Amino acid sequence: MSPADPGTVATMRKPRCSLPDVLGVAGLVRRRRRYALSGSMWKKRTLTWRVRSFPQSSQLSQETVRVLMSYALMAWGMESGLTFHEVDSPQGQEPDILIDFARAFHQDSYPFDGLGGTLAHAFFPGEHPISGDTHFDDEETWTFGSKGKISSLMRDPLQLEQELAGGSPVDEELGFSRGCRVNPLGPGSPERLS
Numbered sequence: 001m002s003p004a005d006p007g008t009v010a011t012m013r014k015p016r017c018s019l020p021d022v023l024g025v026a027g028l029v030r031r032r033r034r035y036a037l038s039g040s041m042w043k044k045r046t047l048t049w050r051v052r053s054f055p056q057s058s059q060l061s062q063e064t065v066r067v068l069m070s071y072a073l074m075a076w077g078m079e080s081g082l083t084f085h086e087v088d089s090p091q092g093q094e095p096d097i098l099i100d101f102a103r104a105f106h107q108d109s110y111p112f113d114g115l116g117g118t119l120a121h122a123f124f125p126g127e128h129p130i131s132g133d134t135h136f137d138d139e140e141t142w143t144f145g146s147k148g149k150i151s152s153l154m155r156d157p158l159q160l161e162q163e164l165a166g167g168s169p170v171d172e173e174l175g176f177s178r179g180c181r182v183n184p185l186g187p188g189s190p191e192r193l194s
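Under full-length UniProt numbering, the sequence shown has 130 at position 130, and the numbering climbs by one with no breaks.
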């Protein structure tokens, strides 16, 4: 494994999201990890999701955003054993995961800080209505396939595969886990959007 270049180290030192990494009594220990163990997990293996609000300042179409989210969830599912199904509209019961693009104070006690700061945050599984939801800062200029843009939803799929194979900072992609490997040429692959 090669050493990280200065740009990667600088990115890794930036705040990752607006939610604390250490919860409860774990905050009392000296060593802090770059992940949080909440003790909660999904009680089912098949989850539903929906994009409730789309980026307002982006040139991405709603369909492109939905396909990119689907691709990200497919990658998460391959690593976690979870299955994700998109639902079109609320039909009595809300989906397990609601995805929103929001600005500043958006009714969850974790306001966004504007362009270039916190990019997104997500909530642990549970019984609360917000559990499992994911929020993206709508003050970012969300793009697809744009190299060097910190707020790119996804970039070149071949570059994505290389980053996923070696792990990537959370603000580089859509929350992929370290070591997650994705075949970018598979079904639903983002290169079909080009």
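Note that the Cβ used here is the ideal one computed from N, Cα and C, for glycine as well. Since the structure is predicted, the reported quantities are computational estimates derived from the model, not experimental observations.
Q | Alpha-carbon spacing of residue 53 relative to residue 102, whole angstroms | A | Roughly 8 angstroms between the two C-alpha positions.
Q: State the CB to CB distance for the pair residue 49 and residue 84, rounded to an integer number of angstroms; the pair is presumed to be in contact (CB under 8 angstroms).
A: 6 angstroms
Q) According to DSSP, what are the bridge partners of residue 106? A) According to DSSP, residue 106 bridges with nothing at all.
Q: Evaluate the contact criterion for the region 128–148 versus the region 54–72: three or more CB pairs, one atom per stretch, below 8 angstroms.
A: yes
Q) With 16 as the cutoff for other CB atoms within 10 Å, does residue 63 come out buried or exposed? A) It counts as exposed.
Q | Neighbour-count burial assignment, residue 8, 16 or more Cβ in a 10 Å radius | A | exposed
**Q.** Extent of the continuous beta strand (DSSP E) run through residue 122
**A.** Counting along the chain, the beta strand (DSSP E) containing residue 122 begins and ends at 120–122.
Q. What's the call for residue 4, buried or exposed, on a 16-neighbour Cβ count within 10 Å?
A. An exposed status is given to residue 4, since fewer than 16 other beta-carbon atoms sit within 10 Å of its beta-carbon.
Q. Can you give the Cα-Cα distance for residue 106 and residue 78, rounded to whole angstroms?
A. 31 angstroms
**Q.** DSSP beta-bridge partners of residue 242
**A.** Nothing about residue 242 can be reported from this structure: the residues present for the chain run from 1 to 194 only.
Q | For residue 13, the nearest candidate out of 118, 82, 73 and 71 (CA to CA) | A | 118
Q: Could you check what DSSP says for residue 79 in three-state terms: helix, strand or coil?
A: If DSSP states are grouped into helix, strand and coil, residue 79 belongs with the helices.
Q | DSSP state of residue 87 mapped onto helix, strand, coil | A | coil
(Q) residue 97 and residue 46 - do their beta-carbons sit closer together than 9 angstroms? (A) No; because the gap between Cβ atoms is not below 9 angstroms, this pair is not in contact.
Q) For residue 141, does the three-state DSSP call read helix, strand or coil? A) coil
(Q) Is the beta carbon of residue 129 closer than 9 angstroms to that of residue 94? (A) yes
Q.
I'd like the list of long-range same chain contacts for residue 139, defined as Cβ closer than 8 angstroms, with 5 residues on each side in sequence excluded.
A. 57, 103, 104, 112, 114 and 115
Q: Leaving out five residues on either side along the sequence, give the residues of the same chain with a beta carbon under 6 angstroms from the beta carbon of residue 100.
A: 52, 53 and 135
**Q.** Residue from 121, 120, 80 and 87 whose Cα sits closest to the Cα of residue 44
**A.** 80
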